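Colleague: Residue numbers (my numbering): 1 to 235.
Here a beta-carbon is modelled for each residue, glycine too, at the ideal position from N, C-alpha and C.
All values derive from a computational prediction rather than experimental measurement.
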């Protein structure tokens with residue numbers, strides 16, 4: 001009888017350890033899923049908002065050299081989203097300007113104002129994107145620390161050893177819906193926790209760009225050159 005009690009107690013202790021293991025693991029999995037969604041949202045924001053802002057500015061400047069001068073001033077690597085056909089298309093340009101008021105006494109001043117207003121949008125969106133990226137990076141660091149502490153606290157080999165000692169009914173009782181019964185190697189593979197995605201590798205780099213008032217003189221100069229070039233092409 002004492003031997004049976006000892007076995008029962010040992011089983012109960014191991015069962016509780018296993019249940020805590022799967023409980024902590026579930027929290028990490030939920031945090032990891034939330035991180036994937038946050039990464040996807042930041043990537044979508046980059047494509048839909050910053051991409052649209054940049055293409056709008058490209059379209060207003062039109063000339064590749066003027067675009068490259070601006071991007072160099074912004075410390076922005078290359079010219080993301082640049083497409084010659086898109087920026088030359090009048091139909092796409094009209095669509096890009098929807099929601100932006102055209103104001104100014106002359107055609108050149110209207111172009112300058114459109115460029116400045118477009119840059120203001122880009123500035124706001126880059127700030128928002130960088131906030132999203134920073135939040136994702138912080139969450140990734142938290143998850144990495146959760147995994148480190150989890151691996152220190154629980155030994156996978158011991159958990160697998162306990163699982164392999166159970167019969168089918170006991171296995172179902174311990175694992176529940178967490179894992180199906182099966183070969184130890186298959187279970188071990190599924191139990192291994194992958195580290196979080198590295199946001200620096202997953203998300204495009206966006207530099208800290210100057211405030212609109214700090215770059216207004218350059219924007220006005222670029223708009224003037226763009227207007228002259230566009231007027232010359234029309235004549």
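Return the residue from the list 215, 208 and 219 that minimises the CA-CA distance to residue 76.
Modeller: Considering only alpha carbons, the answer is 208.
Colleague: Using 10 angstroms around the beta-carbon of residue 223, count the other beta-carbons present and answer buried if the total reaches 16, otherwise exposed.
Modeller: buried
Colleague: Just to confirm, are residue 200 and residue 125 a CB contact at a threshold of 8 Å?
Modeller: no
Colleague: By DSSP, does residue 79 sit in helix, in strand, or in coil?
Modeller: Look at residue 79 here: in three-state DSSP terms it is coil, with no helix or strand label.
Colleague: On the criterion of 16 or more Cβ atoms from any shown chain inside 10 Å, does residue 227 qualify as buried, or is it exposed?
Modeller: buried
Colleague: Closest by CA to residue 89, which one among 110, 214 and 58?
Modeller: Closest option to residue 89, Cα to Cα, is 58.
Colleague: Pop quiz: residue 100 and residue 117 are said to be a contact at Cβ under 8 Å. What is the actual Cβ separation, rounded to whole angstroms?
Modeller: 6 Å
Colleague: If I measure Cβ to Cβ from residue 93 and keep anything under 7 Å in the same chain, skipping five residues before and after, which residues do I get?
Modeller: 59
Colleague: Does the stretch 138-152 come within contact of the stretch 55-74, defined as at least 3 CB pairs closer than 8 Å?
Modeller: no
Colleague: Closest Cβ-Cβ distance between residue 94 and chain D: below 8 Å?
Modeller: This model lacks chain D altogether, as it is built from one protein chain only.
Colleague: When burial is assigned at 16 or more other CB atoms within 10 Å of the CB, is residue 20 buried or exposed?
Modeller: Exposed, because fewer than 16 other Cβ atoms sit within 10 Å of the Cβ of residue 20.
Colleague: What does a CB cutoff of less than 6 Å around residue 229 pick up in its chain, not counting 5 residues either side in sequence?
Modeller: 63
Colleague: Just confirm the distance between the C-beta atoms of residue 237 and residue 50, as a whole number of angstroms; I'd bet it's less than 8 Å.
Modeller: Here the chain comprises residues numbered 1 to 235, so residue 237 is not present and cannot be evaluated.
Colleague: Apart from the five residues on each side of it in sequence, which residues of its chain come closer than 8 Å, Cβ to Cβ, to residue 46?
Modeller: Residues of the same chain with a CB within less than 8 Å of the CB of residue 46, apart from the 5 flanking positions on each side, are 129, 203, 204 and 206 in chain order.
Colleague: Is residue 132 near the ligand GTP - that is, is its Cβ less than 7 Å away from at least one heavy atom of it?
Modeller: The ligand GTP is not part of the structure shown, which contains no ligands of any sort.
Colleague: Name the residue from 213, 72, 198 and 212 whose alpha carbon lies nearest to the alpha carbon of residue 136.
Modeller: 198
Colleague: Can the beta-carbon of residue 132 be found closer than 8 Å to that of residue 40?
Modeller: no
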